[in-house]
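Accompanying notes for the structure given below.
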Amino acid sequence: MTTVTAPAAPPGAGTAGIRKARGGGFWRYLLVRFLLIFPTIFILVTLVFFLMRLTGDPITASLGDRLTPDQLAERIHEAGYDRPILVQYLEYLGQIFTGNFGNSITDGRPITDILWTYGSATLELAVYALIVAFIVGIPLGMVAAYFRDRWGDASLRVFAILCYATPVFFAGLVLKLVFSVWLKWLPVAGRASTRTEIKIQQLDDQTGIYLIDAIRTGSAAAVGDVLAHAVLPALALGLLTAGVFLRLVRTNVIGTLSRDYVDAARSRGVREYRLVRKHALKPALVPIITVIGLQIAMLLGGAVLTETTFEWKGLGFQLAYYLSKRDFVAVQGIVALLAVIVALTNFIVDLIAAILDPRVRY
Amino acid sequence: MTAAISSPERVRPPWWHRLPVLQQLRQSVGLQRGMLVAGLVITAVFVIVAIFAPLIAPYGYNQLRGPDGLFGAQQPPSADHLLGTTVGGYDVLSRVVWGAQTALLVIIVAILLSVFLGIALGLLAGYIGGWFDRITIVIADAIYAFPSLLLAIVAAIVISGGQSSLWGGILAAAISITVVFIPQYLRVVRAEVLRVKSEAFVESAKVVGASNGRIMFRHVLRNSTRTLPLIITLNSSEAILTLAGLGFLGFGIEPSAAAEWGYDLNKSLSDVTSGIWWTSIFPGVAIVLVVLGITLIGESLNDLADPRLRARRKPAQTPAQAVAAEQPVAREEMGDVY
Chain A
199 MTTVTAPAAP
209 PGAGTAGIRK
219 ARGGGFWRYL
229 LVRFLLIFPT
239 IFILVTLVFF
249 LMRLTGDPIT
259 ASLGDRLTPD
269 QLAERIHEAG
279 YDRPILVQYL
289 EYLGQIFTGN
299 FGNSITDGRP
309 ITDILWTYGS
319 ATLELAVYAL
329 IVAFIVGIPL
339 GMVAAYFRDR
349 WGDASLRVFA
359 ILCYATPVFF
369 AGLVLKLVFS
379 VWLKWLPVAG
389 RASTRTEIKI
399 QQLDDQTGIY
409 LIDAIRTGSA
419 AAVGDVLAHA
429 VLPALALGLL
439 TAGVFLRLVR
449 TNVIGTLSRD
459 YVDAARSRGV
469 REYRLVRKHA
479 LKPALVPIIT
489 VIGLQIAMLL
499 GGAVLTETTF
509 EWKGLGFQLA
519 YYLSKRDFVA
529 VQGIVALLAV
539 IVALTNFIVD
549 LIAAILDPRV
559 RY
Chain B
3 MTAAISSPER
13 VRPPWWHRLP
23 VLQQLRQSVG
33 LQRGMLVAGL
43 VITAVFVIVA
53 IFAPLIAPYG
63 YNQLRGPDGL
73 FGAQQPPSAD
83 HLLGTTVGGY
93 DVLSRVVWGA
103 QTALLVIIVA
113 ILLSVFLGIA
123 LGLLAGYIGG
133 WFDRITIVIA
143 DAIYAFPSLL
153 LAIVAAIVIS
163 GGQSSLWGGI
173 LAAAISITVV
183 FIPQYLRVVR
193 AEVLRVKSEA
203 FVESAKVVGA
213 SNGRIMFRHV
223 LRNSTRTLPL
233 IITLNSSEAI
243 LTLAGLGFLG
253 FGIEPSAAAE
263 WGYDLNKSLS
273 DVTSGIWWTS
283 IFPGVAIVLV
293 VLGITLIGES
303 LNDLADPRLR
313 ARRKPAQTPA
323 QAVAAEQPVA
333 REEMGDVY
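Keeping their order, the protein sequence lines are chains A and B.
Just so we're aligned: the first sequence equals residues 199 to 560 in the working numbering.
Just so we're aligned: the second sequence equals residues 3 to 340 in the working numbering.
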C-alpha cells in the first residue's frame, strides 16, 4: 500500500544494483533485471524449505498419527529425510533445477502434475479478476480524479477503501448469500456444474481452462454454465484489486491533470472527456503498470482465500488442503511455482515500464 | 512542524499540536477532514470496545450455556442473543466484541515487533551500506514481492504448528505478520537514513568525534521517522486482514482460547448456503469497519503529507486550475514523463 504515495519508485524492483549501471542502456538493464530473477526465486525457495523443515520431517508431519514409530522410521529412511539437512537442501535445489518436484506425500501424485492441473484453474480465476479490476478500477479512478475533493470523489474513495477493507472471503460470503442463496441467480460454488464437468472431461486434450474447454465442446449451455460459475469469484477477487487500481489511477491522473500540456489542450478546445481519457491517463499508466506487478502477488494470496470460499479447485484451494494435511512436499512445490510466477511477473512489468519510460532504465 | 520552524518568533507550539495525527487534523479542511474524523471515530470505538470487552459482551467468548442451559446452535437473533448464535453454539455478539480485543492485541504486538526490527535493520542497512545493504535489500525485496498471506501461513505453521492458545496464537499471528512487514519498514527507514546521512549535521557530528552509535540513534534515527505514522496505520489494517485470513484458513487461534473474526467466518461458510446470515455478516462487518476506520486515517495522513493531494482551503473554479496553482511542487514530485 505504501507504493501509492511513490508510484514512480516501486520497492519491488531490485534497484540497489541497477542504479549504478548508469549509461549501460536498455539491454544492460534488461540483463541485470533478468539475472535478479534468480536470487528472488532462490531466496524464497530456501526460506520456505528451511521454515518447513523447522517443524520436523514431512513424513512425521503428515503421517505421524497414522503409522507406528517403526513404520515411520522406515518411511523416513526410505525417503532420505534422516540425512543431514544440508544434503537434503542441495538435493532439493538440484531437483527444482531439473523441474522434478517429487511426489506429494498424502496422495502420491507428482507435484508437477498437481501444478499443471490446478495452476490453470487459478490462472483462469486471476484473469477474470483482473478484467473486473480494470473495468471497475480505471474508469472510476479517472472520474474520482476529475471531481477531486467533491462528493463524487469522496464517495468513490470510500468505495475504494471499502473494496480494500473487505476481506475477499467475506466479500465472497456476502455475494454468495445475496446472489446464490437469496436471489438464486448464480451457482453457489465450484467451477462448473457436474454435467458440464463431465462434458469437459470427455474432451481429448483439456487445457484446464474451463472457458476454452467449454467453447471447444461447442455447447452454448456449457459456456454459459462456466461463466455463471465464474461471476461471483471473479467479482470477490476483482473488487479487491479494483479498489487499489481506483486509488492509484486517481492519484496519478490528478498529477498529470495539472500539467501544462493539459491546459494547452484545453485551451485548444479539446473536450474534457478526451482530456482525461487521452491526455491525463496515458502518462499516468507507467506507475499503474508497475503496481499491477505487485498486485499479481496480492491476487495470488487472495486467490487462496477466494478459492477456499467458492470451492474453486485451483492452486490456492489445493494449497490450503495440503497445508491442513501437513503435506510439506506439495506445499513446497506450490510455493516454488508461485515464487517463479511472482519473480517473472515483476521482471515483465519492469520490462514494460522500461519500454514505456526511458528514464526507468538509466 | 514546518509551520513552526518558519514562523518568525520560532515559538514551539504546545506538544499536543505536534502529535502526529492531531497535527494533521488541524491542517485538514472540508471533506478531507470529514474522512479523517470518521476514521478517528471508528478507530476510537474499536479501541474502546476492545479494552472494555469484558464489560460490553453479554457472555464469555467461549461460553456455551446460560442460566437456562445450552444456548443452542445457529439460533436466529433474539432478545437473549441479540445477534444469534453460531454453529458451535457461541453467542455471536459476544464473539464479535471479544474479537476486537484479539485484533487489537495482534495489531499492537505485530506493529511493535516490525517497527522495532524493521527500523533496526533499515538503520543498519542504510548506515553501514555496502554488501550488507545489498543483501538485506535483495532479501527484503524477495519477501515483499511474495504473497504476504502465504508467507504468514508458513510462519504460523512453524511458530505454533497451526493452532494454539490465546497468547501463543496472538504471538504466532503477530510474528507471522511481522515477517511480512519488516521489509516495508526496512525500505522506508533505509531510504530516509540514506537521505539524512548526507545532511550537514551528520557530517558535523562526525567531525566533532561522535561515535557511530550516537550518530545513528541521535542524529539519523530521530530524523528518519517522519513517514512512520502513515505506514503504521496502513499496516495495522493489513495486520487485521492477515489475521482474519489466517483464521479463515484454519491457522489462527482456537475458539476456546479467544474470539477471532476470521475463524468465525470460516465456520459460517456452510451456514451461508442454507441461508443463515447472522453468523457471517456480523464478524465480517466488524473486520470491514475496523479496517475502514484505520485506512481512512492512513489515507488522510497520506494525502495531507502530499502537496499534490492536499485539499485547498480556497476552492478554485475547476479542479485542474487548482492543481495548476500547486504545479511546481507537483512537477517535482511526479518527475516529468515527457
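Glycine included, each C-beta is placed from N, C-alpha and C at the ideal position.
For clarity, every value in this text was computed on a predicted model and none was experimentally measured.
Secondary structure of A/Asn301 (DSSP, three-state): strand.
In this structure, DSSP gives A/Thr415 a helical state, which the three-state scheme calls helix. Here B/Ile255 carries a strand assignment [DSSP, helix/strand/coil]. The three-state reading of DSSP puts B/Asp93 in strand, counting E and B together. Contacts between B/Val49 and chain A, judged by CB atoms closer than 7 Å, are missing: the closest CB pair is about 17 Å apart. For the 8 Å CB-CB criterion, A/Leu498 and B/Pro149 form a contact.
B/Ser282 sits close to A/Leu371, with the two beta carbons spaced by under 8 Å. Take B/Ile289, set aside five residues on each side of it, and the residues of its chain with a beta-carbon closer than 6 Å to its own are Ala246, Trp263, in chain order.
If you compare the alpha carbons of B/Leu38, B/Gly32, B/Arg28 with that of B/Asn304, the shortest gap goes to B/Leu38. A residue is called buried when at least 16 other Cβ atoms come within 10 angstroms of its Cβ; B/Thr235 meets this threshold and is buried. Residue range 479 to 508 is occupied by the alpha helix (DSSP H) that includes A/Met496. Going by DSSP, A/Tyr362 is part of the alpha helix (DSSP H) stretching over 349 to 363. Residues of the same chain with a CB within less than 8 Å of the CB of B/Ala55, apart from the 5 flanking positions on each side, are Val99, Trp100, Ala102, Gln103 in chain order.
Runs of the alpha helix (DSSP H) lying entirely within the stretch 175 to 238 of chain B, each at least 4 residues long, are 202 to 210 in chain order. In this structure, the straight-line span from the alpha carbon of B/Gln65 to that of A/Val502 is close to 32 Å.
Not a single CB atom of chain B sits nearer than 8 Å to the CB of A/Gly416. Ranked by how close their Cα comes to the Cα of B/Ala260, the residues B/Gly124, B/Arg28, B/Ala175, B/Pro78 have B/Ala175 in first place. Sorting A/Ala541, A/Ile407, A/Gly531, A/Leu517 by C-alpha distance to the C-alpha of A/Gly297 places A/Gly531 at the top. Here B/Thr87 carries a strand assignment [DSSP, helix/strand/coil]. Interface flag for A/Ile241 against chain B is set, since a Cβ pair is found closer than 8 Å. The beta-carbon of A/Val386 is placed less than 8 Å from the nearest beta-carbon of chain B.
By the Cβ-count criterion, A/Pro267 is exposed, with fewer than 16 other Cβ atoms from all chains shown falling within 10 Å of its own Cβ. A/Asn298 is outside the set of residues whose beta carbon lies under 8 Å from a beta carbon in chain B.
For A/Pro431, the three-state secondary structure derived from DSSP is helix. Bounds of the alpha helix (DSSP H) holding A/Thr238 are 235 to 252. 8 Å or more divides the Cβ of A/Ile407 from the Cβ of A/Ser522.
Assignment of A/Pro256 by DSSP, reduced to helix, strand and coil, places it in the helix class. Non-local beta-carbon contacts of B/Pro79 in its own chain, meaning distances under 7 Å to residues more than five positions away in sequence, involve Leu85, Gly86, Trp280 in chain order. For A/Asp458, the enclosing alpha helix (DSSP H) begins and ends at 458 to 465. Boundaries of the alpha helix (DSSP H) around A/Ala552: 526 to 554.
The alpha-carbon of B/Val89 is positioned some 20 Å away from that of A/Ala369.
Under the 10 Å beta carbon count, A/Phe515 is surrounded by 16 or more other beta carbons and is classified as buried. Taking the Cβ atoms as the reference, A/Ala358 lies roughly 4 Å from A/Gly441, within the contact range of under 8 Å.
By the neighbour-count definition (other C-beta atoms within 10 Å, threshold 16), A/Lys480 is an exposed residue. Taking the Cα positions, A/Glu322 is about 39 Å away from B/Asp135. Listed along chain B is no residue with a C-beta nearer than 9 Å to that of A/Asn301; the closest approach is about 21 Å.
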